[in-house]
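Below is one structure; the comments refer to it alone.
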Amino acid sequence: MSVVAATRGLSRAVWILIVARAVNKIGAFTLPFLGVVLAVEFKASLTETGVILAVFGAATIPSRLLGGQLADRLGRRRTIVLGLVGCAVSQLWIALSHALWSAVLATVLLGLAFEIYEPPSQAMIADVTEPEDRPAAYGLYSAALAGAGVLAGLLAAAISHWDLRWLFVADAITCLSCAALVALALPADVRRDPATDRPDVGDQLERSPWRDGRLLLLLASGTVFATIYMQLVIGIPLTLLEQGIPKSGTGVILAVSAAVLIVAQRLLRVQKLDDFRSIAIGYVLLATGLLACAFAHTLLVFVLAAVLWSLGDLFLLTRYLTQASGLAPDVARGRYLAIFGLSWGIATTIAPLTVTQLLKTSGPTGLWLTSAAVAALLAVLQPWFRKRLVAR
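Numbering of the sequence shown is given in this note's numbering, commencing with residue 11 and proceeding in unit increments.
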């Protein structure tokens, strides 16, 4: 079955979430400019800017956990709207700030609201989609974000010629537009009544997902993948600089990566593969792309490497989400996906350290050879993961 055919049977709620998230993503270009705004508009020093951005990153971890808790207890739709409105308020606060302390408080609030959206939106997709259709649903979700990311970059380039504060105003507008679409178009949350729920539902709500060893194993595996991914985000610009390739090359590589995801999502029949086989293929492609990076000296070779690792991402990103959602009881799906999503917060903390240390000690070749070896190892280990993650 082709991707197009697989997506035709998706529910209206999935399409609404995809459209809403794409609208939000189109405006989500403020984060790369946050450090610039702090330094230029609020005269923060380089050290102060680094500390503030680190605090923002740390705040996104409890943000995702809060999103998972609220998704299961308050409801999916309410939680999505709350997170988006929180982001909009924070961004408008930054835009209207006239002192560094005010901008810092707004940045912390933005971090605390930043990830609330993800667990309920991912959980709702799983709620209304059959297990065999989830790879197509999550794949379309990822492809829509990639396409919106290209438009976001173009919009950011246009608006950044003006006062940078307008970036945050534009992002706040898209957040509020997304919240309005979700509030008006998604089905209402179903209130749970402990008096009428089955006894096991209450038990599942109270049982901690942290006690599920399979979820923790998936979190560990997902964190390694996310760290490799973030190493690409952080390490490729530094590698291009090291190789004397113009800084604009990073933009070319990002555009090619997004385009590959969009085209491949429509052409490749990845739904026929089970999760573990798909992940193994993804890691092989990712390792091959990283290996190409290790010996690349021209922009063309880096672009070819980007094609390979982007194809790997297509096989990897959606399958980790389907595995995490498949492990969860229905009433705990938000919390399960929130805990699994911590892999990205952890990776965002680890990757800058691994990239800078490996570049310092062994150069770009050492960085990408090490990353390729880890990806290849994870490909080989997929049968081992299958035995431990598949319910008997």
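Just so it is clear, CB atoms sit at the ideal spot from N, CA and C, and this is done for glycine as well.
Note that the structure is a prediction, hence the values are computed from the model and not measured.
When you compare the CB positions of residue i and residue j, do they come within less than 9 angstroms of one another, or not?
| i | j | result |
| --- | --- | --- |
| Gln-241 | Leu-150 | no |
| Ile-135 | Arg-74 | no |
| Leu-94 | Leu-84 | no |
| Val-138 | Val-24 | yes |
| Ile-26 | Leu-174 | no |
| Arg-345 | Asp-82 | yes |
| Arg-227 | Ile-349 | Note on identity: in this sequence residue 227 is Leu, with Arg being the wrong assignment. No, these two residues do not count as a Cβ contact at 9 angstroms. |
| Ala-304 | Leu-379 | yes |
| Ala-105 | Phe-52 | no |
| Tyr-148 | Leu-368 | no |
| Ala-316 | Ile-272 | no |
| Gly-245 | Leu-377 | yes |
| Arg-22 | Asp-199 | no |
| Leu-352 | Ile-71 | yes |
| Val-29 | Ala-154 | yes |
| Leu-347 | Gly-78 | yes |
| Gly-336 | Pro-129 | no |
| Trp-103 | Leu-80 | no |
| Leu-301 | Gly-259 | no |
| Leu-110 | Ala-69 | no |
As a quick exercise: from the options, pick the residue whose alpha carbon is nearest that of residue i.
| i | options | result |
| --- | --- | --- |
| Thr-359 | Val-243, Leu-331, Pro-130 | Val-243 |
| Thr-233 | Glu-140, Trp-354, Phe-66 | Trp-354 |
| Ala-382 | Leu-226, Thr-237, Glu-252, Val-266 | Thr-237 |
| Phe-66 | Lys-53, Leu-283, Gln-101 | Gln-101 |
| Asp-285 | Ile-356, Leu-177, Ala-265, Asp-143 | Asp-143 |
| Leu-196 | Asp-323, Leu-227, Ser-131, Ala-146 | Ser-131 |
| Pro-362 | Ala-316, Tyr-239, Phe-395, Val-50 | Tyr-239 |
| Leu-251 | Leu-277, Phe-178, Gly-373, Ile-272 | Gly-373 |
| Leu-296 | Ser-107, His-108, Leu-321, Val-400 | Leu-321 |
| Phe-395 | Gln-333, Gly-121, Ala-109, Leu-48 | Gln-333 |
| Thr-59 | Leu-48, Ala-68, His-307 | Leu-48 |
| Cys-185 | Ile-90, Leu-110, Leu-277 | Ile-90 |
| Arg-338 | Ala-158, Trp-111, Val-311, Leu-399 | This sequence places Ala at residue 338; Arg is not what is there. Closest option to Ala-338, Cα to Cα, is Leu-399. |
| Thr-117 | Ala-158, Gln-79, Asp-222, Ala-64 | Ala-64 |
| Asp-6 | Ser-267, Ala-302, Leu-310 | Beyond the ends of the chain as shown, which are 11 and 402, falls residue 6; an answer cannot be given. |
Please classify residue i as buried or exposed, where buried requires at least 16 neighbouring CB atoms within 10 angstroms.
| i | result |
| --- | --- |
| Ala-98 | buried |
| Val-270 | buried |
| Gly-299 | buried |
| Val-384 | buried |
| Cys-319 | Cys is not the amino acid found at residue 319; the sequence shown has Trp there. Trp-319 comes out buried. |
| Pro-393 | exposed |
| Ser-218 | exposed |
| Arg-86 | buried |
| Ala-123 | buried |
| Arg-402 | For Arg-402, the pLDDT reaches just 46, beneath the cut-off of 50, and the residue's location in the model is therefore unreliable, leaving the point undetermined. |
| Arg-343 | buried |
| Ala-357 | buried |
| Arg-31 | buried |
| Ser-107 | buried |
| Val-365 | buried |
| Gly-121 | buried |
| Leu-177 | buried |
| Leu-76 | buried |
| Gly-223 | exposed |
Does any C-beta atom of chain D lie closer than 9 angstroms to the C-beta of residue i?
| i | result |
| --- | --- |
| Arg-83 | Here there is only one protein chain, and chain D is not present. |
Could you tell me whether any non-hydrogen atom of the ligand COA is closer than 8 angstroms to the CB of residue i?
| i | result |
| --- | --- |
| Ser-218 | Summarising the ligand content, the structure contains no ligands, and the ligand COA is consequently not present. |
**Asked** Would you call the segment 323–336 and the segment 280–294 in contact, with 3 or more CB pairs under 8 angstroms?
**Response** Output reads yes: the segment 280–294 touches the segment 323–336.
**Asked** Is the segment 223–232 close to the segment 386–399, with three or more CB pairs under 8 angstroms?
**Response** Result yes; three or more Cβ-Cβ pairs closer than 8 angstroms.
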